[in-house]
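Basically this note's numbering = 1-based index in the sequence shown + 2.
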Amino acid sequence: MSELVLPLLFATVLWFVATGFVLWLDQLPSHTWPISIMIATIASGFAMGGVITTAELTSPAAAYAAFACALVLWGWHELSFLMGFVTGPNRDPCPPDARGWRRFRLAAGTLIHHEVAMFVTALGLAAATWGQPNQAATLTFLLLFVMRLSAKLNIFAGVPHLSTEMMPDHMRYLASYFRIAPPRRFFALSLAAILLVAGVLGHLALSSRGGIATGYALAFALTLLAFVEHGFLVLPWQDTAIFRWAMRRRHTTQAVQIADAQ
């Protein structure tokens, strides 16, 4: 089990720092966003180069590097979405009378461009690493994509606890598509699938060697983080609490606005 400890720590710390950094950039004044997305785009180009370079390497260091490169690419997508550059054609709140397929179609329209962009990136990573031994980057990005999609579908279907603190003001319309409700059967199936994937990845990590094992261990750690994130959807303690440091400016601005209004 010691083979899983270092990858778990590395994945957790890097995920925490990367998520916080994206949130910190997003809460800066909007006139800084084009610069941020431009720098992130350049960084993503280097990250893709890193994925291609490490694809044929089988050392643990190569697996860590590929994992980090995949997180850079993922960060670009998250940043472009939160800043409103890549979202979807629908930017209106959900009509109160929207139900069933209409509600789903409108909700999908709020982020479909974002989802397609991530899917295309996943295909690009798969093509860049096809037939190569180091699949850490492709596996990492694919897991992030699928796990985040699972969370979005569960939020749409209904979960007991939701937080919109990390959502920027210009994206508040998305909250109208959320539903506060007891967890559905789909939520239990999602957790079961995540645990199954984690079990398979953990077994592969323990039964492999070198960088291949490290890649599977990093993917295993990421799957556990996804399980925890899903857990926050049904627990009263919100994950936003651990990112207060990244959203300090937003909370300060909101406090000033409330004070001015009074």
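Virtual Cβ for every residue (Gly too), placed ideally from N, Cα, C.
Listed in chain order, the non-local C-beta contacts of Leu141 below 7 Å within the same chain comprise Gly217 and Ala221, local neighbours out to five positions each way being set aside.
Secondary-structure assignment with DSSP links Val161 through a beta bridge to Ile182. According to the DSSP assignment, Phe189 belongs to the alpha helix (DSSP H) that extends over Arg187 to Ser209. DSSP assignment within the stretch 112-148 yields the following whole alpha helix (DSSP H) runs of 4 residues or more, N-terminal first: 114-130.
Within the same chain, Pro185, Arg186, Phe188, Phe189, Ser192, His232 and Leu235 come within 8 Å of Asn156 by CB-CB distance, once the 5 residues on both sides are set aside. When rounded, the separation of the alpha-carbon atoms in Val74 and Val15 is 14 Å. Around Ala119, the same chain offers His79, Ser82 and Val88 as residues with beta carbons nearer than 8 Å, after the five sequence neighbours per side are excluded. In the structure shown, the three-state DSSP call for Val88 is coil. For Pro36, the enclosing alpha helix (DSSP H) starts and ends at Trp35 to Thr56.
Membership of Leu227 in the alpha helix (DSSP H) is indicated by the continuous run Gly212 to Gly233. Assignment of Val74 by DSSP, reduced to helix, strand and coil, places it in the helix class. Sorting Ala63, Thr43, Gly86 and Ala67 by C-alpha distance to the C-alpha of His33 places Gly86 at the top. Taken through DSSP and simplified to helix, strand or coil, Pro31 comes out as coil. In this structure, Gly126 sits away from Thr112, with a CB-CB distance that is not shorter than 7 Å.
Taking a 10 Å sphere around the C-beta of Ser209, we find fewer than 16 other C-beta atoms and assign the residue as exposed. Taking every protein chain shown into account, the CB of Val199 has 16 or more other CB atoms within 10 angstroms, so this residue is buried.
Between Leu227 and Trp17, the gap from beta carbon to beta carbon is short of 7 Å.
With respect to the 7 Å criterion, Ala248 and Gly52 are not classified as neighbours on the basis of their beta carbons. A buried status is given to Ala223, since no fewer than 16 other beta-carbon atoms sit within 10 Å of its beta-carbon. For Pro98, the closest C-alpha among the options Arg181, Met173 and Phe229 is that of Arg181.
Apart from sequence neighbours up to five positions away, the residues of its chain that approach Ile39 with a beta-carbon distance below 7 Å are Leu81, Ser82, Met85 and Phe87, ordered along the chain. In the structure shown, Pro170 falls within a coil segment according to DSSP collapsed to helix, strand and coil.
No Cβ-Cβ contact shorter than 7 Å links Ala195 with Ala207. At a Cβ-Cβ threshold of 7 Å, Ala72 and Phe158 do not count as neighbours. A residue is called buried when at least 16 other Cβ atoms come within 10 angstroms of its Cβ; Ala42 meets this threshold and is buried. Taking the Cβ atoms as the reference, Phe69 lies roughly 5 Å from Ala138, within the contact range of under 8 Å.
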